[in-house]
Amino acid sequence: MTVMRARQEPGITPGTGKSHTLIGLGHTAVAAGYRVKYCTAADLVENLYRAMADNSVGRVIDTMLRNDLIICDEVGFAPLDDTGTQLLFRLVAAAYERRSLAIASHWAFDQWGRFLPEHTTAASILDRLLHHATVVVTNGESYRMRDARQHRKEAPNTTEISGRVGTTRWPPAGTAN
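The following block contains the structure:
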């Protein structure tokens with residue numbers, strides 16, 4: 370049960386349902402009797418950094434591996450330093466061929482070096498993640514933008530914003546609704 374989510378165009382169009390799909394996958398797995406851990410990449414790395422302080426990284430990873438499915442959302446949302454990259458690698462390596470990982474990222478795989486600075490480790494992470502992966506690529510318009518455009522068509526929404534410089538109309542006059 371390994372799922373990878375990625376975009377073909379790096380850094381473009383959030384809101385295509387990656388997180389929603391992963392959460393649905395997690396709910397389905399729980400309903401089927403599996404144990405699931407959900408975290409964002411930032412929370413995961415932060416917890417592993419804390420574990421470094423008391424030399425318990427291995428114990429934290431072992432606790433995570435008690436789950437059948439580990440969902441890590443928003444990978445690449447914030448860049449990691451070398452230590453964060455190594456910590457992520459430790460989890461991926463420990464889970465490799467033992468537990469299912471589901472990952473969501475806005476970045477295409479060839480762009481992971483943009484947020485994982487240590488390229489050899491980044492390649493090792495991807496090698497393990499992709500070995501048995503089912504890759505799901507999401508494309509399309511952000512559902513948030515589509516909803517916002519639909520709401521503007523139903524009821525034009527403009528807001529007057531007053532400040533020291535003057536009054537601004539939002540959205541600016543002449544912009545497409």
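Residues in the sequence shown are numbered consecutively from 370, following our numbering.
Cβ coordinates follow ideal geometry from the N, Cα and C atoms, glycine included.
(message) Need the endpoints of the beta strand (DSSP E) that L470 sits in, please.
(response) Within the sequence shown, numbered from 1, the residue matching residue 470 stands at position 101. S469 to S474 is the span of the beta strand (DSSP E), which, as asked, contains L470.
(request) Tell me where the alpha helix (DSSP H) around L413 begins and ends. (result) Position 44 of the sequence shown, counting from 1, holds the residue named residue 413. Note, L413: alpha helix (DSSP H), A410 to A422.
(message) Which runs of the alpha helix (DSSP H) at least 4 residues long sit entirely within the region 479 to 512? Give them in chain order.
(response) 488 to 500
(message) If the criterion is Cβ atoms closer than 9 angstroms, does the pair D442 and L391 meet it?
(response) Residue mapping note: residue 442 aligns to position 73 of the sequence shown, counting from 1. Residue mapping note: residue 391 aligns to position 22 of the sequence shown, counting from 1. Against a cut-off of 9 angstroms, the Cβ pair of L391 and D442 comes out as a contact.
(request) Take the Cβ of R428 as the centre, count every other Cβ of all protein chains shown within 10 Å, and call the residue buried at 16 or more, exposed below. (result) As a working note, residue 428 is residue 59 in the sequence shown. With fewer than 16 Cβ atoms within 10 Å of its Cβ, R428 is classed as exposed.
(request) Reducing DSSP to helix, strand and coil, say where L449 ends up. (result) On the sequence shown, residue 449 is found 80 positions in, with the first residue counted as 1. Looking at L449 - three-state DSSP - the assignment turns out to be coil, as it is neither helix nor strand.
(request) Starting from the C-beta of I440, find all residues in its chain whose C-beta is less than 6 angstroms away, skip the five residues before and the five after it, and write them out in chain order. (result) Along the sequence shown, read from residue 1 onward, the residue named residue 440 stands at position 71. Closer than 6 angstroms at Cβ, skipping near neighbours: L391, G395, Y407 and A471.
(request) Measure the alpha-carbon distance for L438 versus K522 and round it to whole angstroms. (result) Mapped onto the sequence shown, residue 438 falls at position 69. Mapped onto the sequence shown, residue 522 falls at position 153. Approximately 42 angstroms between the Cα atoms of the pair.
(request) Following the continuous alpha helix (DSSP H) through D442, name the residue where it begins and the one where it ends. (result) Sequence index remark: in the sequence shown, residue 442 carries index 73 (1-based). No alpha helix (DSSP H) holds D442; the beta strand (DSSP E) holding it covers L438 to V444.
(request) Thinking A462 and R435 are a contact (beta carbons under 8 angstroms), I'd like their distance in whole angstroms, please. (result) Against the sequence shown, residue 462 aligns to sequence position 93. Against the sequence shown, residue 435 aligns to sequence position 66. Not a contact, Cβ separation roughly 17 angstroms.
(request) List the endpoints of the continuous alpha helix (DSSP H) containing S388. (result) Against the sequence shown, residue 388 aligns to sequence position 19. Note, S388: alpha helix (DSSP H), K387 to A400.
(request) Could you check the C-alpha separation between V426 and K387 for me, to the nearest Å? (result) Along the sequence shown, read from residue 1 onward, the residue named residue 426 stands at position 57. Along the sequence shown, read from residue 1 onward, the residue named residue 387 stands at position 18. Answer to the nearest angstrom: the Cα atoms are 28 angstroms apart.
(request) Could you work out which residue in M421, D423, S469 and A491 is closest to T454 when comparing CA atoms only? (result) Numbered from its first residue, the sequence shown carries residue 454 at position 85. Among M421, D423, S469 and A491, the Cα nearest to that of T454 belongs to A491.
(message) Beta-carbon within less than 8 angstroms of E487's beta-carbon, same chain only, minus the 5 sequence neighbours each way: which residues are those?
(response) For this step, residue 487 is matched to residue 118 along the sequence shown. Here the set comprises D451, T454 and Q455.
(request) Determine the burial state of G393: buried for a count of at least 16 other Cβ atoms within 10 Å of its Cβ, exposed for fewer. (result) As a first step, residue 393 must be located in the sequence shown, where it is residue number 24. Exposed is the call here.
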